[in-house]
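Data block below; observations after.
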Ligand SMILES: Nc1ncnc2c1ncn2[C@@H]1O[C@H](COP(=O)(O)OP(=O)(O)OP(=O)(O)O)[C@@H](O)[C@H]1O
Ligand SMILES: [Mg+2]
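Residue numbers (the numbering used here), protein chains in the order written: chain A, 486 to 738; chain B, 7 to 658.
The structure is reproduced here in structure tokens:
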């Protein structure tokens, strides 16, 4: 069953004078419980695509439906409610609130759900220890490193157990150990809770954790790779090859 | 690109950012110009000359300059901070600090004097309106006609030119102090964004509350007689001021953060959206805004206090005029009473005449009064108090038995220095006898003209039989002024109030030697003086109100700009505009509400400590002033909410 379907989406930035068409009639289906990554050159429109899929940004034309519900027809308020309850985000630029501590940032999405304080605390300590940020609970974002911010942002995306998680380069600022911790966490969520995950990444290693990789170029889907029964190492090599063809240069990984 | 082009482009680009600055300038210059125009207006000479208000007006205009200067400096500071990045960029592309300063100076000059002209024009238009209000207040029937006063123009230009120089000096200082890097970060550093709450803060918070409480306590004791000499009183006042102001500062500096922190701790990291937007934001801002908020609170308290006092005066004016006269006309000379009534009869003015007799006796009030001050220093001997006495047959609606006494015109001024035992008795002395009289009650309404009250002392009402006996055994030494008036006075009331003007015209033509008063003219005199005071305090109060409202509003615009990022994040996470707006409303409620409530308290205690010198009624006028102030101040809160609404809408 498709949890997310995008049909002929177009996105144009700018006004009459200097229009820039970033997405040009892109079609996309994502199944329930899939772990998909989106790759492409810098500036190719990955973040734009993710924003549109996650209803944060408006599309210029086309249609998107999530769980069979047509998103393009929804009112602003309904969209917000939908995001609040069903979606989780890890943003490329973290998007933490400066005036809140790490813990307060992470627990924020829970405040709208009727979750008891004990339960909230329990969930927090579980996720924080999994991502290795439990010692930071009472620090403010200005007092922690980029990678720590990224993990905080990830913890905030997971805490309310959303049905779809959108992650924009979630491992961009992490060392390989923290990156694989985070990716393992994503994989576990994907396997045990059947969360659907859509992740943008530049890193073929991160992409190789997924079940499917979508490459975009010139505002269109260039090609897709399915992991199938392949081993992660083999899938990684496939991704490398495709990336090389796509970018025209050999990646050094 | 040459520098003139750069200036021009900058000005065009920044005009949007500057609209508030323009507003602040135009507003304050129009206010000032209107005020100075009045000051130089010949029509006002009449009003101010008669009541010696010229000095008051001059003092007010100096105060106005101070407020305006502080306000403009503040506004300029906010705007130059906003442009820190741009200034950094100019430096980066190789402009010297001197060049940048020149650029800002020219740009500012155009903007500043442009808005000044607008302000002066608006000020001229509004000064006529202002003059009309003044005439209305002091009941002068004159058409408000104004000429453009070049004297006022020159004075306004000089004052604002000096302020301009101050602002430029401030900018120069700002540019020179900053390195390129710090200019880029100027927004982040000035607010001192996020810091930890320390034990020191808790101590500061508690100290703040203590200081305020102490100030309030001393203020309630101010006129209770503990401070007898003028020096002591003065010191006590300085102490109250200092203690309350320091307390207010510490309160903003620590208490709010401290209280907020207690609440936040209690939530254990589990904040909802309203907490995020109000609590966490306010907690950190209050601290860095402490000085500003203290100034605003003090200034508002001052404004509310002054307004309340002058309104108490104005409000009590008619009543106090009545207390002075007790009737439409009153006199203590039989001859003059006859002159007046004959004139009235000749001109067909219907009237009633009453005669009231009045004597003075001594009382032993030791049982009834308990002084809370040292009797020596207060100069009171409760064993032998002199008081005017009247018979109950002369007092409408009052009937006391032969062994009873009732006191009228008991002044509020007595409350802080003595306690009255309502179930007690006093002893009245005559040359023949002593009478033990039970106290049956007292009120604060005088029944004899002020002239007879020894400066506002109460009057005893006794039964007619007792009064007769007293008259027959009078102690002549006590009768002083009463004696040569034959111990009586005459109240003449018009039957028909429509005759009031005619009657007063007649009164003016008659040539009186002795004391004959007209309520109307007495009231007019009182009103003229008080009206001018009320006008000046009103003008200043409004200026205080608008400037402090504007300052908080500007500050809120600035905060909104800085927090915009947070709104974007929250909206991305799925919080609706309404969710955010709710939090913002709570935040505004506190940002505007805390200084307001604090200043209401401050002014309440200030007014309470000394209102009885100004009038006879405290609560009603004070509450009216406070309600109006609150409503007007809330408008700025509302404007801030509307501004935030726009920011939130644009955030995603
Ligand atoms: N708000 C915007 N207004 C105008 N153009 C935009 C806007 N956001 C993105 N773009 C343009 O759209 C294109 C795609 O941007 P996008 O952020 O989606 O790239 P990306 O694939 O995420 O790149 P990266 O890998 O560097 O994050 C870019 O050329 C960018 O200049
Ligand atoms: Mg991107």
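Each residue gets a CB set at the ideal place from its N, CA and C atoms; glycine is no exception.
Compare the C-alpha of residue 581 of chain A against each of A:542, A:601, A:630 and A:634 and name the closest.
Working through the first chain from its first residue, we reach residue 581 of chain A at position 96. Measuring from the Cα of residue 581 of chain A, the nearest candidate turns out to be A:634.
Does residue 294 of chain B have its Cβ less than 8 Å from a Cβ in chain A?
If you number the second chain from 1, residue 294 of chain B lands on position 288. No, its Cβ sits nowhere closer than 8 Å to a Cβ of chain A.
Relative to the alpha-carbon of residue 245 of chain B, which residue among B:226, B:413 and B:444 has its alpha-carbon at the smallest distance?
Taking the first residue of the second chain as position 1, residue 245 of chain B is located at position 239. Among B:226, B:413 and B:444, the Cα nearest to that of residue 245 of chain B belongs to B:226.
Can we count residue 656 of chain A as close to ligand 1, meaning its CB is less than 7 Å from some heavy atom?
By one-based count along the first chain, residue 656 of chain A stands at place 171. It does not: the Cβ of residue 656 of chain A is nowhere closer than 7 Å to a heavy atom of ligand 1.
With which residues is residue 425 of chain B paired in a DSSP beta bridge?
As a first step, residue 425 of chain B must be located in the second chain, where it is residue number 419. According to DSSP, which records beta bridges pairwise, residue 425 of chain B is partnered with B:376.
Which chain B residues are close to residue 566 of chain A, counting only those with a beta carbon under 9 Å from its beta carbon?
In the first chain, residue 566 of chain A corresponds to position 81, counting from 1. By Cβ distance, chain B contributes 580 and 582.
For residue 435 of chain B, which three-state DSSP category applies?
Counting from one through the second chain, the residue named residue 435 of chain B turns up at place 429. Strand, per DSSP.
Where the beta carbon is closer than 5 Å to any heavy atom of ligand 1, which residues qualify, in chain order?
Counting every residue whose Cβ lies closer than 5 Å to a heavy atom of ligand 1, we get A:498, A:507, A:527, A:528, A:529, A:530, A:531, A:532 and A:533.
Are the Cβ atoms of residue 396 of chain B and residue 440 of chain B separated by less than 8 Å?
Here residue 396 of chain B is taken as the residue at index 390 of the second chain, counted from 1. Here residue 440 of chain B is taken as the residue at index 434 of the second chain, counted from 1. Result no, Cβ atoms of residue 396 of chain B and residue 440 of chain B do not sit closer than 8 Å.
Just to confirm, are residue 495 of chain A and residue 546 of chain A a CB contact at a threshold of 8 Å?
The residue you call residue 495 of chain A lines up with position 10 of the first chain. The residue you call residue 546 of chain A lines up with position 61 of the first chain. Yes. Within cutoff.
Under 8 Å, Cβ to Cβ, is there at least one residue of chain A near residue 575 of chain B?
Position 569 of the second chain holds residue 575 of chain B. Taking Cβ atoms only, chain A reaches closer than 8 Å to residue 575 of chain B, which makes this a yes.
Identify, in the order they occur along the chain, each residue of the same chain with its Cβ nearer than 7 Å to the Cβ of residue 477 of chain B, setting aside the five sequence neighbours on each side.
The count along the second chain starts at 1 and reaches residue 477 of chain B at position 471. Excluding sequence neighbours, residue 477 of chain B sits near 365.
Here's a check: name, in chain order, each residue in its chain whose Cβ is nearer than 7 Å to the Cβ of residue 194 of chain B, leaving out the five neighbours to either side.
Within the second chain, numbered from 1, the residue matching residue 194 of chain B stands at position 188. Residue placement at residue 194 of chain B is poorly supported in this model, since its pLDDT is 46, which falls under 50; the coordinates are not used for a value here.
CB of residue 653 of chain A to nearest heavy atom of ligand 2: below 7 Å?
Taking the first chain and counting its residues from 1, the one referred to as residue 653 of chain A is at position 168. Answer for residue 653 of chain A: yes, Cβ within range of ligand 2.
Taking the beta strand (DSSP E) that residue 229 of chain B falls in, what are its first and last residues?
Taking the first residue of the second chain as position 1, residue 229 of chain B is located at position 223. Per DSSP, residue 229 of chain B belongs to no beta strand (DSSP E) and is neither H nor E.
Looking at the structure shown, is residue 581 of chain A part of a helix, part of a strand, or coil, going by DSSP?
As a position in the first chain, residue 581 of chain A is number 96, starting the count at 1. Coil.
Could you list which residues in chain E have their beta carbon closer than 9 Å to that of residue 279 of chain B, in chain order?
In the structure shown, chain E cannot be found, because the protein chains are A and B.
Identify each residue in the stretch 534-559 of chain B for which the Cβ-Cβ distance to at least one residue of chain A is less than 8 Å, and report them in chain order.
Answer set for the stretch 534-559 of chain B: empty.
From residue 550 of chain B to residue 330 of chain B, what distance separates their C-alpha atoms?
By one-based count along the second chain, residue 550 of chain B stands at place 544. By one-based count along the second chain, residue 330 of chain B stands at place 324. Taking the straight line from one Cα to the other gives about 35 Å.
Does any residue of chain A have a CB that is nearer than 8 Å to the CB of residue 286 of chain B?
Position 280 of the second chain, counting from 1, holds the residue named residue 286 of chain B. For residue 286 of chain B, the answer is yes, since a Cβ of chain A falls inside 8 Å of its Cβ.
Shortest alpha-carbon distance to residue 548 of chain B belongs to which of B:165, B:310, B:290 and B:205?
The count along the second chain starts at 1 and reaches residue 548 of chain B at position 542. Of the listed residues, the one whose Cα sits closest to residue 548 of chain B is B:310.
Is residue 521 of chain A near ligand 2, in the sense that its beta carbon is under 7 Å from a heavy atom of that ligand?
Position 36 of the first chain, counting from 1, holds the residue named residue 521 of chain A. Because no heavy atom of ligand 2 lies under 7 Å away, the Cβ of residue 521 of chain A does not count as near it: no.
Please confirm whether residue 523 of chain B and residue 417 of chain B have their CB atoms less than 8 Å apart.
Start at 1 with the first residue of the second chain, and residue 523 of chain B comes out as number 517. Start at 1 with the first residue of the second chain, and residue 417 of chain B comes out as number 411. No, the Cβ-Cβ distance between residue 523 of chain B and residue 417 of chain B is not below 8 Å.
With contact counted as at least three CB pairs below 8 Å, one residue from each stretch, are the stretch 278-285 of chain B and the stretch 236-255 of chain B in contact?
These segments do not touch.
What is the rounded straight-line gap between the Cα of residue 118 of chain B and the Cα of residue 31 of chain B?
The residue labelled residue 118 of chain B in the question sits at position 112 within the second chain. The residue labelled residue 31 of chain B in the question sits at position 25 within the second chain. Residue 118 of chain B and residue 31 of chain B: Cα-Cα distance of roughly 7 Å.
Please list, in chain order, the chain B residues whose beta carbon lies closer than 8 Å to that of residue 681 of chain A.
Stepping through the first chain from its first residue, residue 681 of chain A is reached at position 196. Under the 8 Å cutoff, chain B gives no residues; its nearest Cβ is about 17 Å from residue 681 of chain A.
For ligand 4, is there a heavy atom less than 7 Å away from the beta-carbon of residue 683 of chain A?
You won't find ligand 4 in this model; what it holds is ligand 1 and ligand 2.
Taking only the alpha-carbon atoms, compute the straight-line gap between residue 57 of chain B and residue 314 of chain B and give it to the nearest angstrom.
Taking the second chain and counting its residues from 1, the one referred to as residue 57 of chain B is at position 51. Taking the second chain and counting its residues from 1, the one referred to as residue 314 of chain B is at position 308. Because residue 57 of chain B sits at a pLDDT of 47, beneath the cut-off of 50, its placement in the model cannot be relied upon, and the following sentence gives the value as read from the coordinates. When rounded, the distance between both Cα atoms is 21 Å.
For residue 444 of chain B, which beta-bridge partners are listed by DSSP?
Start at 1 with the first residue of the second chain, and residue 444 of chain B comes out as number 438. Its beta-bridge partners are B:410 and B:431.
Please list, in chain order, all residues of the same chain as residue 494 of chain B whose beta carbon is under 7 Å from its beta carbon, the five residues on each side excluded.
The count along the second chain starts at 1 and reaches residue 494 of chain B at position 488. For residue 494 of chain B, where only same-chain residues beyond five positions count, the Cβ hits under 7 Å are 361, 362, 363 and 364.
Which value, in whole angstroms, describes the spacing of the CA atoms of residue 720 of chain A and residue 655 of chain A?
As a working note, residue 720 of chain A is residue 235 in the first chain. As a working note, residue 655 of chain A is residue 170 in the first chain. Each residue's Cα considered, the two are about 20 Å apart.
Based on the DSSP secondary-structure assignment, which residues constitute the bridge partners of residue 574 of chain A?
Here residue 574 of chain A is taken as the residue at index 89 of the first chain, counted from 1. Paired residues: A:651.
When the cut-off is 8 Å and only beta carbons count, does residue 488 of chain A lie next to chain B?
Walking along the first chain from the start, residue 488 of chain A turns up at place 3. Not closer than 8 Å to any Cβ of chain B, the Cβ of residue 488 of chain A fails to qualify, so no.
Please state whether DSSP places residue 389 of chain B in a helix, a strand or coil.
Here residue 389 of chain B is taken as the residue at index 383 of the second chain, counted from 1. Coil.
Any heavy atom of ligand 2 inside 7 Å of the beta-carbon of residue 577 of chain A?
Residue numbering aside, residue 577 of chain A sits at position 92 when the first chain is read from its first letter. Indeed, a heavy atom of ligand 2 lies less than 7 Å from the Cβ.
Do residue 557 of chain B and residue 298 of chain B count as a contact pair if the criterion is CB distance below 8 Å?
Locating residue 298 of chain B in the second chain gives position 292, where the first residue counts as 1. Locating residue 557 of chain B in the second chain gives position 551, where the first residue counts as 1. Against a cut-off of 8 Å, the Cβ pair of residue 557 of chain B and residue 298 of chain B comes out as a contact.
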